[in-house]
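*Asks:*
Residue numbers (my numbering): 2 to 511.
Here it is, written out as C-alpha cells:
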C-alpha cells in the first residue's frame, strides 16, 4: 500500500480552471500594485488532499455446483433462469464486497463448460452429457468481470462420482472411456491418482480450460485421495490400488508413494498452468489441519496420512500462488482453534506465497448444536486482518453467505467489514512490472480512460472523492468511461495488471 501511495500522480484538471488561472493571476497582480490587501486562503492540509491507499485483500466466495448446492438451484431449471440466477449471485456478491468468485466447474469428471474431453454436468439439465444450450463458464466469467470480480475455475482432479450414479454416466465420462483407470471406493468412484494416464487426463482438462477461457485462476480443493470410508462393520475400507502400486510403487512405502503421486500432480499443475498463461493464479484449499499436533494442542483428521495431502510441502515449495486451508472451526474451538491454526499456517509460509484461510460461513445459524453465532465470521475476518502476513480469506458457501437468515451475514459484511472496494493482493513472483498510468479526459458528464501503451491493464482501481468522502471501486479494464456526478471532486485511476501490480495513478480534479 505504501508503494502505491508513493506513486507519482498524473493530474488532469478541469479545462475551465486552466483558463481561469491566468485571469486570476492578472487580477492578483493588479490588486497588489494598487495596494489592495489580499487575503491569502489557508493552506490545504495533507489530510484534505491525500487519497487513501487502495486496500488489498482477497475476499473470495465459493460457488458450489455439485448436487446443486449453490447454483443452479435445481437441475431442471431452464437456461435463461440459470443465467438469471447466476447473474443475481454475482450482483449480490459484488454488492456485499466480494472480489473473487471461485466457481465449481469440474466436480466429478464432468464439465460446466463446453468440453471435448468430458461430459456436461448433470446439475445443469438433470442428464449428464446433455447441453444446457449455453456455456456457463463463459457466462460466469463475463458476469464476474463486469462487476469487478476475478473468476477462479474450481476443479476436482480425481473425484469421479458416486456408485449410485454409475448407470447414468455419459459415454464421454472416464468411467466409460477408461474403466481401467477408475476405482470403486465405498460410495464413491475415483480416478486412481497413481495411474499416470489419470494424471495426464486431468492435466489435459485443466490445460484446456486455461487455454480457452479468460479465467483469473485455477483452484483445487481438499479432494485428492478420497476421505476414508468404512464398511458395514465400521472398519476402514482400503483404497483399491494394489495393482497400481505393484506397477508403479518402485519399492516405496505405499503411503509415501501415494503422497508422491499427489505431490507430482500439484507441482505439474502449477508448472503447466503457468507455462500456458503466466499470470493465471493457482490456488489450493486443503483440509485445515496438516497433521494433529501441528501446532501443539490441535487435534483432528490427519490429512497427511489419511488423504495423502502434504499441503505444507506444496506451500513451502512454492507450488501454489495461494493456499486457502479450510479453517472451518470457531475461534474458541478447544482442539481446532481458528487463530492457532491460522498462525501455524502463516509460520510455515517460507516461500512467501499468499495464505488466505477458508471460513465456514455455512456453519452460521445452521441449526446444529455446533452452529456459529452470526458474529463469528466477522470476528474471524478481523482476527485475520490483525496478522500482517495474512491478506484475505474465502467464504464457503454462497447460499449461506448471501441468503441465509435473510442475508444477515451479507449485510454485516457489506456495512461493517467490506466498507470499501479492495484489490486482490499482488503476486509479483508471476510478474513484477506494473502497467503505466492511463490518460484521463472529460467528455460531457463522463470521464474517459485511455490505457497507456505497453502491458495491458486487467483492472482499473478507481478512487473517487465526493461530498461524502472517498470511495474505491475495482472495474474491469474493458470499461473506458465512468460517469462523473456533479458532486465528484477528484478521481484517481490506476491500471492494474493480471498479477495485481498497480501502476501510477492518473488524476482528475474538478
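We put the beta carbon where it would ideally sit given N, CA and C, even for glycine.
A quick note: this is a predicted structure, and the numbers were derived from the prediction, not measured.
Just how far apart, CA to CA, sit residue 79 and residue 126?
*Replies:* 8 Å
*Asks:* Alpha carbons only, please: which of 261, 487, 215, 185 is nearest the one belonging to residue 239?
*Replies:* 185
*Asks:* Can you tell me whether residue 262 is buried or exposed? The criterion is at least 16 other CB atoms within 10 Å of its CB, across all chains shown.
*Replies:* Per the 10 Å Cβ criterion, buried.
*Asks:* Taking the straight line between their C-alpha atoms, what separation do you get for residue 376 and residue 254?
*Replies:* 46 Å
*Asks:* Does the Cβ-Cβ distance between residue 137 and residue 175 come in under 8 Å?
*Replies:* No.
*Asks:* Can you name the residues that DSSP bridges to residue 472?
*Replies:* According to DSSP, residue 472 bridges with 465.
*Asks:* Which of helix, strand or coil does DSSP assign to residue 93?
*Replies:* helix
*Asks:* Please tell me whether residue 327 and residue 379 are closer than 8 Å, where the distance is taken between their beta carbons.
*Replies:* no
*Asks:* Evaluate residue 38 with the Cβ neighbour count: other Cβ atoms within 10 Å of its Cβ, from every protein chain shown; 16 or more gives buried, anything less gives exposed.
*Replies:* Only weak support exists for where residue 38 lies, its pLDDT of 37 falling under 50; the value from the coordinates is given anyway. Answer is exposed; the Cβ neighbour count stays below 16.
*Asks:* Considering only residues of the stretch 58-134, which uninterrupted beta strand (DSSP E) runs meet the minimum length of 3 residues and lie entirely inside it, listed in chain order?
*Replies:* 59-64, 101-107
*Asks:* Quick check: what's the CA-CA separation for residue 98 versus residue 53?
*Replies:* 18 Å
*Asks:* I need the boundaries of the alpha helix (DSSP H) containing residue 245, first residue and last residue.
*Replies:* 243-249
*Asks:* Do residue 151 and residue 497 come within 8 Å of each other at the CB atom, strictly closer than that value?
*Replies:* no
*Asks:* Please classify residue 151: does DSSP put it in a helix, a strand, or coil?
*Replies:* If DSSP states are grouped into helix, strand and coil, residue 151 belongs with the strands.
*Asks:* Tell me residue 284's beta-bridge partners as DSSP assigns them.
*Replies:* 220, 323
*Asks:* Do residue 219 and residue 183 have their beta-carbon atoms positioned less than 8 Å apart in this structure?
*Replies:* no
*Asks:* In the DSSP assignment, find the unbroken beta strand (DSSP E) run with residue 192 in it and report its ends.
*Replies:* 189-192
*Asks:* Just to check, is the beta-carbon of residue 372 closer than 7 Å to a non-hydrogen atom of the ligand NAP?
*Replies:* The ligand NAP is not part of the structure shown, which contains no ligands of any sort.
*Asks:* Restricting to Cα atoms, I'd like to know which of 463, 479, 422, 487 is closest to residue 446.
*Replies:* The shortest Cα separation from residue 446 among 463, 479, 422, 487 belongs to 487.
*Asks:* How should residue 82 be labelled, buried or exposed, when 16 other C-beta atoms within 10 angstroms of its C-beta is the threshold for buried?
*Replies:* exposed
*Asks:* Using DSSP with H/G/I as helix, E/B as strand and the rest coil, what is residue 416?
*Replies:* helix
*Asks:* Would the beta-carbon of residue 109 fall within 8 Å of that of residue 161?
*Replies:* yes
*Asks:* From the DSSP output, in three-state form, read off residue 312 for me.
*Replies:* helix
*Asks:* By Cβ distance, which residues of its chain are closer than 7 Å to residue 435, with the 5 residues on each side in sequence left out?
*Replies:* 498, 502, 503, 504
*Asks:* Count the other CB atoms within 10 Å of the CB of residue 406; is the residue buried (16 or more) or exposed (fewer)?
*Replies:* exposed
*Asks:* Under a Cβ-count criterion, where at least 16 other Cβ atoms within 10 Å of its own Cβ denotes burial, should residue 116 be classed as buried or exposed?
*Replies:* buried
*Asks:* My guess is that residue 460 and residue 472 are in contact by the Cβ rule of under 8 Å, so how many angstroms apart are they, rounded?
*Replies:* Not confirmed; about 16 Å, so no contact.
*Asks:* Just how far apart, CA to CA, sit residue 283 and residue 511?
*Replies:* 42 Å
*Asks:* For the alpha helix (DSSP H) that residue 399 lies in, which residues bound it at each end?
*Replies:* 399-403 is the span of the alpha helix (DSSP H), which, as asked, contains residue 399.
*Asks:* Give me, in chain order, the residues of the same chain whose beta-carbon lies closer than 8 Å to that of residue 26; leave out the 5 immediate sequence neighbours on both sides.
*Replies:* For residue 26, the predicted structure reports a pLDDT of 42, less than 50, and the residue's modelled location is therefore unreliable. The matter cannot be settled from this model.
*Asks:* Excluding the 5 residues preceding and the 5 following residue 340 in the sequence, name in chain order all residues of the same chain whose CB lies nearer than 7 Å to its CB.
*Replies:* Taken in chain order, the residues that qualify are 332, 384.
*Asks:* Just verifying my parser: in three-state terms, what is the DSSP assignment at residue 485?
*Replies:* coil
*Asks:* How about residue 478 and residue 494: do their beta carbons lie closer than 8 Å?
*Replies:* no
*Asks:* Counting Cβ pairs, one atom from each stretch, are 3 or more of them under 8 Å apart for the stretch 197-215 and the stretch 288-304?
*Replies:* no
*Asks:* Quick one: measure Cβ to Cβ for residue 154 and residue 106, integer angstroms, because I've assumed they're closer than 8 Å.
*Replies:* 5 Å
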